[in-house]
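In order, the protein sequences belong to chains A and B.
For the first sequence, counting from 1, position 210 maps to 210 in my numbering; every step adds exactly one.
For the second sequence, counting from 1, position 20 maps to 20 in my numbering; every step adds exactly one.
All C-beta atoms, glycine included, are put in the ideal place defined by N, C-alpha and C.
Predicted model only: the values in this text are computed from it and were never measured.
For reference, the structure discussed in these notes is given below.
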Amino acid sequence: MNAIESLKHFIPELVLLGGAFAALTLDFFVKQKKLVGEFCLLVLVLALCLAKIPAKPMSLFFGMFELDTFTYFFRCIALTATGITLLLAMGYTPLRNRYEGEFYGMFLFMAFALITVAAANNLLMIFLGVEFVSLLSYLLVGFLKNDPKSKEAAIKYLLFGSVCSAIMLYGMSLLFGATGSLELKVIGDALFTASLKPLAATAVLFFFVGLGFKISMAPFHMWAPDVYEGAPTPVTAFLTVAPKALGFAVLTRVLDLAFWHFQGVWSPVLVILSILTMTIGNITAVSQTNIKRFLAYSSIAQAGYILMGLAVFSVLGRDAVLIYLLAYLFSNLGAFAVVTFVGEQTGSDSLDAYTGLASRSPAAAALLMVFLLSLAGIPPLAGFLGKYYVFAAAIKAHFITLAIVGTINSVIAAYYYFRIIRIMYLAPATAPALGAPSRTLTLALWAMLAGVLALGMFPSFFITRILG
Amino acid sequence: MELLQLGAKFGIYAVMAAILVFALGVVTFRNLFHCALCLAAALIGTAGIYIALQAEFLAGVQILLYVGGVITLVVFAIMLTEHLAGKTVRQNNAQSLPAIVGLAGFVTALIALILKTPWPVTEAALKAKTSAMGLGEALMGTYVFPFEVISIVLLAALIGTVVIAKKDAPEERP
């Protein structure tokens, strides 16, 4: 489809871009920067409403933007995650004297970047989109430049990310040289017909480096705890969810279209990496004393569970990835909403700030408990559905070792999630009671709670919607 | 003619060897300024390879952007930052040796892979338009979407960098 014809299917993205420019202009004129945030939120909602499920897959802009149900799903995830992050950011005080308006504007660019990643089905767009998301992430992590931790996190993220991207780019150049095409589908066919097994194996490993960095897969997870701890809390919430989800989207597309013929090569690698990721994440999470670091390791472990679905790579496995990502989105953003609230009220992200939270702020404690239980995979919450699907996929494809390791890890995870709950409910309160959360934060909290409960209690509604 | 081809072949290998040497210089010299100059030389050498591969436009862009733009900026940054130009910095640490051993293994594996792969020479690749005109048409045609996305990437990065580099907003500073 040529560029002009494509535009009418591209309206949500145009709205996002127009909104970003309008928000940056609006920032000149209004003193009350929260208005810019509200405007950005409005743009996101509008884009979400305008996005329609495509009846049949379309290749927009000469095949540079693949619009199908897969893209649509990740478009919704990207817009929701961005919207909730904006809600969290609007109540976040450290931003007050650090160019709040530009901060909100950047998030609209970020939403656009995430959607181009979801729709990328050739090497050029994959690299461009992933780099776009990475660049914006580095900037957002270092946004509070007067905070030394934030600065350090941004530099670490930048250095680590550049190396991983460079390695992925080298893999792409090998693929392009051997097949003469940028299109994933053409590459897949060329690899199938020509005998290029060593090259394909190398290229897929290089992809694992570049995208493994985005999804914080072990052994490329080193950056995650420092970056998640140092970044402004709303940005951390965003980074643990959206870029990770989109990393999985690209990985699914790449494995599906380009490397389907070599499943025997990469599937065992992914199984090992999945086991490594969840084990490292879970074991390190147990001893953390900072809630942001704790959730960082927990999110590494969660990436390990999601990788199970990819490693299996049956139809069920791929569906499991989508459902898990949705459940993870609600649970993790919800948990971070509570962390933002407590951090705002007590000025601390240490676990001590949560001692006796149940008596100091019963609602916050109850909500955090629900989100943590969902992350642990306790029914009838969203996380249970995700875990159920992932384990079902592993068992059905006879990946029994993977399923057993996953179960052991879930038990370890349950231990440390319950540890937080114990601190909140059984330890006596030592600090004064907390005030009421801001309106935007309340909205974010209830929206995520609704998501967690709805996905857990009415799974069939979501499953039929997602899987068609 | 034969002699000319042989000479060209040797020339390319000589340029490649020079690039490697200069690249090594970038990561081993202790003076930051020397590193920057080595980087410039390595980038000019890369432009030479582009010319040998008949991508003249790309070679021009390489010199213009990297040598003319990026390196100039780097040199300016070094000279404008106080006490940086004369300072020497160690570029290696205790982990250098294991890293070199690991990298040597990695590079050997890659060389084996590159030698083993049958790199196809296709009709389409030979006919690819690498002139300024061909590239311009491609950028306005098939590749118009990535082209526009790149402009948005640059704009967003620019805004973000300015915000990060600026001091706190004056009227809101405590």
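| Query | Result |
| --- | --- |
| From Leu-135(A) to Gln-5(B), what does the alpha carbon distance come to, in whole angstroms? | 44 Å |
| Classify Leu-158(B) as buried or exposed, calling it buried when 16 or more other Cβ atoms lie within 10 Å of its own Cβ. | exposed |
| Are the CB atoms of Thr-284(A) and Leu-441(A) within a distance shorter than 8 Å? | no |
| Do you know whose CA, among Ala-431(A), Tyr-297(A), Tyr-425(A) and Gly-37(A), lies nearest Tyr-92(A)'s CA? | Gly-37(A) |
| Going straight from the alpha carbon of Val-149(B) to that of Cys-76(A), what length do you get? | 20 Å |
| By Cβ distance, which residues of its chain are closer than 7 Å to Ala-154(A), with the 5 residues on each side in sequence left out? | Tyr-138, Val-141 and Gly-142 |
| Please confirm whether Leu-310(A) and Gly-304(A) have their CB atoms less than 8 Å apart. | no |
| Run through chain B and tell me which residues come within less than 9 Å of Thr-82(A), C-beta to C-beta. | Those do not exist, as Thr-82(A) stays about 14 Å from chain B at its closest Cβ, beyond 9 Å. |
| Determine the closest residue to Thr-85(A) out of Val-227(A), Ala-242(A) and Met-172(A), with distance taken between C-alpha atoms. | Ala-242(A) |
| For chain B, check one thing: does any of its Cβ atoms lie closer than 8 Å to the Cβ of Phe-109(A)? | yes |
| If you run the structure through DSSP and keep just helix, strand and coil, what is Leu-67(A)? | strand |
| Which runs of the alpha helix (DSSP H) at least 4 residues long sit entirely within the stretch 4-29 of chain A? Give them in chain order. | 11-29 |
| Assign Leu-196(A) to one of three DSSP states: helix, strand, or coil. | coil |
| Flag Gly-136(B) as yes if its beta-carbon sits less than 8 Å from any beta-carbon of chain A, otherwise no. | no |
| Helix, strand or coil: how does DSSP classify Thr-88(B) here? | strand |
| Of all the CB atoms in chain A, is at least one closer than 8 Å to the CB of Gly-160(B)? | yes |
| Taking the beta strand (DSSP E) that Ser-348(A) falls in, what are its first and last residues? | Per DSSP, Ser-348(A) belongs to no beta strand (DSSP E) and is neither H nor E. |
| Which stretch, first to last residue, makes up the beta strand (DSSP E) that contains Met-58(A)? | 58-60 |
| Any beta-carbon of chain B closer than 8 Å to the one on Phe-65(A)? | yes |
| Determine the chain B residues that contact Pro-198(A) at a beta-carbon separation under 9 Å, and present them in chain order. | Ala-112, Leu-113, Lys-116 and Thr-117 |
| By the criterion of Cβ-Cβ separation under 9 Å, what are the contact partners of Thr-142(B) in chain A? | Phe-61, Phe-62, Gly-63 and Met-64 |
| Let me check one thing: in DSSP terms, what residues is Asn-409(A) bridge-paired to? | Per DSSP, none; premise fails for Asn-409(A). |
| Taking Cβ positions, are Ala-376(A) and Ala-413(A) nearer each other than 8 Å? | yes |
| Using a threshold of 8 Å, state whether the C-beta atoms of Asn-121(A) and Leu-169(A) are closer than that. | no |
| In chain A, which residues lie less than 7 Å from Pro-146(B) when you measure between Cβ atoms? | Met-64, Leu-124, Met-125 and Leu-128 |
| To which residues does DSSP link Glu-183(A) through a beta bridge? | Asn-122(A) |
| Hey, Leu-455(A) and Phe-336(A) are a contact pair by Cβ (cut 8 Å); roughly how many whole angstroms apart? | About 17 Å; that fails the 8 Å criterion. |
| Measuring only the C-alpha atoms, how far is Tyr-324(A) from Pro-459(A)? | 12 Å |
| Measuring straight from C-alpha to C-alpha, what distance separates Met-140(B) and Ala-132(B)? | 12 Å |
| In chain order, what residues of the same chain have a beta carbon less than 7 Å from the beta carbon of Val-452(A), not counting five sequence neighbours either side? | Phe-330, Ser-331, Gly-334, Val-370, Phe-371, Ser-374, Leu-381 and Ala-382 |
| Taking 8 Å as the CB-CB limit, is Val-74(B) close to chain A? | no |
| Here's a check: name, in chain order, each residue in its chain whose Cβ is nearer than 7 Å to the Cβ of Thr-479(A), leaving out the five neighbours to either side. | A question about residue 479(A) goes unanswered here, because the residues of chain A that appear run from 1 up to 468. |
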